[in-house]
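When we follow the UniProt record's numbering, the leftmost residue of the sequence shown carries the number 1, and every step to the right adds one. No residue lacks a Cβ here, since even glycine has one placed at the ideal position from N, Cα and C. Below is one structure, written out as structure tokens, with a few remarks after it.
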Amino acid sequence: METKRAARRYADDSVERICVRRTGLATSANVYRRNSKPYNAISDNQPRKSSYHGPKTSYVSTPKARKQEDKVCTYWMSGHCAFGDRCRYLHSWSCGDGFSSLAKLEGHKKAVSGIVLPLGSDKLYSSSSDGTLRIWDCHSGKCARLSNLGDEVGSVYTEGRWMFIGMKNVVKAWNIETAEEFSLKGPVGQIFCMVVAKDMIIAGAQNGAIFAWKCSSEVNNPFQLVGSRKVHSRAVLCLTVGENKLYSGSVDHTIRVWDIDTLQCIKTLNGHEDAVMSLLHCNGCLFSCSLDCSTKVWFAAEGENWKVIYTHKEEKGVLALCGMNDAENKPVLFCSCNDKTVRLYDLPSFRTANFAFTERGRTFSKEEVRVIYRGPYPLFFTGDASGSLTVWKWVVMEVIKDDSAEKNICKRQRVSEEELDDRISSLPDNILVHILSFLPIKDAVKTVLVPRFRNLWNFLPSLSFNQCGYHDCASKYDEDGPHYNEKFLNFVRHVLFLHESATIDRFHLKFELNLDRTNEAAADEEDEEARDYANRETMMASEVDSWIHFVMRKKVKVLNLDFKGCGLPEPTACYRLPNVVFGGKYLTELKLVACEIKPSHKIQLNCLKRLLLEELVLEDKIINQILKGCSLLEELSLIRCYGLRRLATDNPNTKSLILDLYYHGPMLQVLCPNVESLEIGGSIDLVDLVDVSSIAVSAVVFSSTFKCKHERYQTLKALFKKLSHGKIFIPCTWCILVFTIWQLIYQPGLLFVWKRLEFGIHLTKWHLPGISCLLRTSPYLETLAIYISPGRYHIFTVVMEGNDDIVETNSCKRQRVSEEQVIDRISSLPDPLIVHILSFLPTEDAVKTVLIRRFGKLWTFVSRLSFDQCSYHDCADIVYSDDVEYDERFLDFVHNVLILHENPTIDQFILKLHYNSLWCPSEEGPNDNVDREMRITDQVNSWVHFAMRKKVELLHLDFKGCGFFEPDAYILPDVVMNCQYLTQLKLVACEIIPTGQIKLNTLKRLFLEEIDLKGEILNQILCGSSVLEELSLVKCYSLHTLAFKNPSIKSLIVEFEPMTSSQRLQISCPNLVSLQLAGFIDLMDLVDVSSLAVSSIFFSFHSKCALVRHQEIRRVFQKLSRSKLVRLCTWSIMVFTTWQLNGLQDLFCRWKCLEFSVVLSKWHHMGICFLLRSSPYLETLTIYIGRGLGQHLVQVFEEEWAEYDLDMSKFWSSQVGSFRCLQYHLKTITIYGLITEPYMIDFIEFLLKKAMVLESLVISTDTVLKPPQQPEIFGVT
């Protein structure tokens, strides 16, 4: 009886509610679970066949001997498992490698029936059987909007800017951008599945029929029903498309194969014993799953002769299928089963004899999963019957370390130690993305197969799509109507869908889009063929609109839209450009070809600098609107535009104008008084230059037969007279022949005042009279440049062709590349980019690339040179004495590199060398040591002069090396202190003895270490560095006073180590914004640092002596007390601990932000307490906790603080008195590091109790907090 009642539920149209999904389509069911064996009730009382029914080779059973532990603990799901980590069941929503759960989105009250993420959107849409549509914010994971649709939703689908929602007796079409909504009428019963194919939206209904709507040009009814077919006897549950075929699955246990063009059923596939729940087409195979616990793989060997080549059996009914690639680009099949699990299978190659699904993992849920949706990599989503939506992501397999063998073993790849280092893979991601941006977009996408590159192509700043790469342009044109290449369209859709960068620099689209059939359909409403073509053209125009809106949202800077493609555009049938382009506030370059411009509002292109319009219908009113809206426009190009009669602009920024006139167009008047460069082409005689008074450079390019020009002599004469006042004139080879005709016939009385004349010609005897005419009429000519192209039979042409053949032949002899090998993309990069890459390598490695034929001598053009003597020895083994040893290999290497370097400039020059000239000043007469040191000095001088000649910008000279400072240091040449190109200078262990005025007019950063600054050397340097911003003085000698008022110097770093205890340092720098002090803080006097905003103090001596120097150190802190941000070191905290223990509570500081880094011990807590009491206005506290103290430091602390009895067990709980900052000001506390000791936990508990206005407390194991640099979707960039 129960069986009959359940069977009647499928016959009742009001009750039957089974849904499936494929690629975003989903359905729901009220009858997914039974207490008895699954779905016996809906098989019409027929006995269930065994798993071995049929041929033995056609079924593979899933082993039942799985571990009992592969099950989610029900108590854990409800939040109270008593066993904890000892529980035998899983406390996780998944098991397996390569994927993990990111988030759970809760909100739906009933089963999730559909999930979609539209192209380029950051909003996730989910529908449910509770009649709601939820819109989730992908950044926060919160529900941004809830729409109550009033009835149960069966499925959702998205295509371009449209979202389709399947409901009972209707499909709702919703425009995501404009929020317009349309109802597609026709279906009977619930809509369980939808798919888009051939510009049609196809839906499967509850009554077993399939309905199709096509896009139309009507504004009020953009989708029109074009047909319906009813072949299935029961509800259609799933649809999929593949190889120009439509496949449908139904409750009637059958699969139907349809011709998409005619919507005719051409094949029926029988094999399942229960409802077909989901279909998937992949690589020529059709996957189907059913409630009969099987998943079948179908293949059509010849024609439509479909056969089952593999059957996989599950223990429970299969509800949904989905296919995608994992992190290693391997195909994975998802099978949702009726036991609340989703099985993940590695797909085999079906070309082998024996194949089977290999399970690699499972996901678990509270109820059965009805929807599996593939999102932008690495995300995918599942929705279950409880209304829960789970976000998952693919992860890369980790490397496992074998401690016994001390080797890193990767499960899927082993790298031989003998292989060469992959320098490209070691480059930063942003450099690799920059490299990929130079490749064709198709080749860049293919790099997903390379593990290191993987999905970096998703962040390409430049996207270029050319339809011509998908056909032969010579044979492409077809009179029957437009034929859009589906491969090209799908490629563009997928690339834009997966693109993840927040911005795009360049977007280029070359795509033939002609709306001539739309016009024909409007003229002849009875022409059905024209109407079909018009609908398709309208659909394509709508999709191109979505592409353009996508790139405009990405803040594109350079936009190139060519709708001519390889066809012949019709001026009256061009694609109309959407208005969003005319409001692109980030556009700097815009190129439009063969489209229609009709802006409906004011044009605002405030950043546009270059504009090119080609083969457009331009009325005077439109071009005036464009020019008024482009206030910064510098270059304007109008190529074969129609209808333009007057071009007038007085924009002072527009300096360049290019005109190529259409042959049969009207006369064009040009009034551009500020244009300095003018190029005219095409029908030159149709241009009337009314006002071009600022012309400096003019070019004339004839494109028609030159002999007809004598008929327009007066017109051309007036044109050349307008151009005659320019300084430079550039005629073409045909223009020279025009002057030849005038010379032979009219003997013109022209007079030109240009000073430079240049032209390129294929020189013949007919050009000589024209050149003679130009020379006669140019009395003020100063420079003549003629570029003569070689003739057809020129000897150099023959030699060049012969050399090409020889080179190609020799190349083939020396190296043959198999077609099956991977193409070397790096070698195909341009030379400047390869040089840029080599500049990031160590100089030694860059030089070694000379062994690679493609790289050759490119290393000689690197812009960064770095030489370190320490790379030629082990610094720990060096024993320094008066006799310094110089490694001849290092000296020779530096010498040879500098001799062979060919780049005229270098960006960086770094030299690290232990230098000592002890022998030079003391020895008299011939001596080997003296000769050697003089030779080394001369060599170093030549290296420094080399860097100066190359206009180096960053110079780093370290003559300490890995040794110690020598009293007789290297004397710096004067050329360094008079360099006009240096922006950064770092000098270590050398002598500065200027003989004249110092001129470092471009220097912004100066670092001096272990340098004797005696006399007025430092003041001379500062006076000669007018734009200096950052100054660092580390362990410099003879330093007594630092006093300067240079307004450009905002940052000062001083590490002071005096020669005697009586030496003090006075600092008076009223314009400093940032000050960092280190070393002997107690010997520093801060006279005037009134502008400080950021200050840092780092003690370098033992902290206990701070008690002796209490007053001196207190004065330093009082001078820094008005800084907004103060940074302290671990020894600074110990200073305050000493003061606290001795009752010295007389420090008052006004800083608002406090940061300190400590190697935490119990002795630091008293210093932290002192700081909190002394900082009443503190608003932000940041603590960086380092690793534990070493044994030596622990011993030092215990010895020197043994006299103090520090019982920290109740220190924080015993604190009484007022902490003003905790009561009124402290709002943010951030702690980074591992918190292991109980004292720190007591401290945090103290803060939580006492901080009355606390807003945020963050505890993290990260050492540095970095804000996200790219848009995130559920935390995945």
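- For Tyr-377, DSSP assigns no beta-bridge partner whatsoever.
- In this structure, the straight-line span from the alpha carbon of Gln-264 to that of Val-492 is close to 30 Å.
- In this structure, DSSP gives Pro-769 a helical state, which the three-state scheme calls helix.
- Exposed is the label assigned to Asn-896, since fewer than 16 other Cβ atoms lie within 10 Å of its Cβ.
- In this structure, DSSP gives Asn-148 an extended state, which the three-state scheme calls strand.
- Per DSSP, the unbroken alpha helix (DSSP H) holding Leu-496 starts and ends at 486-498.
- Here the alpha carbons of Ile-597 and His-725 stand approximately 36 Å from one another.
- DSSP places Thr-1180 in the strand class (E or B) of the three-state scheme.
- Between the stretch 179-196 and the stretch 503-510 there are fewer than three inter-stretch CB-CB distances shorter than 8 Å, so the stretches are not counted as touching.
- With respect to the 8 Å criterion, Leu-605 and Cys-641 are not classified as neighbours on the basis of their beta carbons.
- Around the Cβ of Asn-916, a 10 Å sphere holds 16 or more other Cβ atoms; the residue is buried.
- Three or more beta-carbon pairs separated by less than 8 Å link the stretch 95-106 to the stretch 136-148, which places the two stretches in contact.
- Here Cys-875 is exposed. Its C-beta has fewer than 16 other C-beta atoms within 10 Å.
- Within its own chain, the residues whose Cβ lies closer than 8 Å to the Cβ of Val-257, once the five positions on either side in sequence are excluded, are Lys-245, Leu-246, Tyr-247, Cys-265, Ile-266, Lys-267, Thr-268, Leu-269, Glu-304, Trp-306, listed in chain order.
- For Asp-346, the three-state secondary structure derived from DSSP is strand.
- With respect to the C-alpha of Leu-577, the residue from Trp-174, Ser-542, Ile-201 having the closest C-alpha is Ser-542.
- In terms of Cα proximity to Lys-230, the closest of Arg-1173, Asp-252, Val-433 is Asp-252.
- CA-to-CA, the gap between Leu-757 and Trp-162 works out to about 58 Å.
- In terms of Cα proximity to Phe-287, the closest of Pro-832, Pro-428, Val-241 is Val-241.
- Look at the beta carbons and you see the stretch 999-1019 touching the stretch 1027-1044: at least three pairs across the two are nearer than 8 Å.
- Its chain contains Val-670 as the residues whose beta carbon lies nearer than 6 Å to that of Leu-647, once the 5 sequence neighbours on both sides are disregarded; these appear in chain order.
- Its chain contains Lys-960, Phe-965, Val-988, Ala-989, Val-1034, Lys-1035, Cys-1036, Tyr-1037 as the residues whose beta carbon lies nearer than 8 Å to that of Glu-1010, once the 5 sequence neighbours on both sides are disregarded; these appear in chain order.
- The beta-bridge partner set that DSSP reports for Thr-1228 consists of Thr-1180, Ser-1256.
- For the pair Ile-1185 and Leu-1226, the CB atoms are not nearer than the 8 Å cut-off.
- Here DSSP, grouped into helix, strand and coil, assigns Val-940 to helix.
- When rounded, the separation of the alpha-carbon atoms in Pro-118 and Gly-160 is 7 Å.
- Sorting Cys-1149, Leu-1128, Tyr-575, Leu-1234 by C-alpha distance to the C-alpha of Phe-1156 places Leu-1128 at the top.
- Annotated three-state conformation of Thr-358 is strand, per DSSP.
- Taking the Cα of Leu-347 as reference, the smallest distance to any Cα among Asn-338, Lys-340, Leu-333 is reached at Leu-333.
- Within the same chain, Lys-912 come within 7 Å of Asp-868 by CB-CB distance, once the 5 residues on both sides are set aside.
- The stretch 819-871 contains, as complete alpha helix (DSSP H) runs of 4+ residues, the segments 831-838, 843-848 (chain order).
- The C-alpha of Leu-279 lies about 59 Å from the C-alpha of Gly-681.
- Between the beta-carbon of Ala-173 and that of Phe-223 there is about 6 Å, and that keeps the pair under the 8 Å contact cut.
- Contact between Trp-392 and Ser-101 is confirmed by a C-beta separation of about 6 Å, below the 8 Å threshold.
- In the DSSP assignment, the residues bridged to Ala-648 are Leu-671.
- In the three-state scheme derived from DSSP, where H, G and I count as helix and E and B as strand, Gly-1167 is classed as helix.
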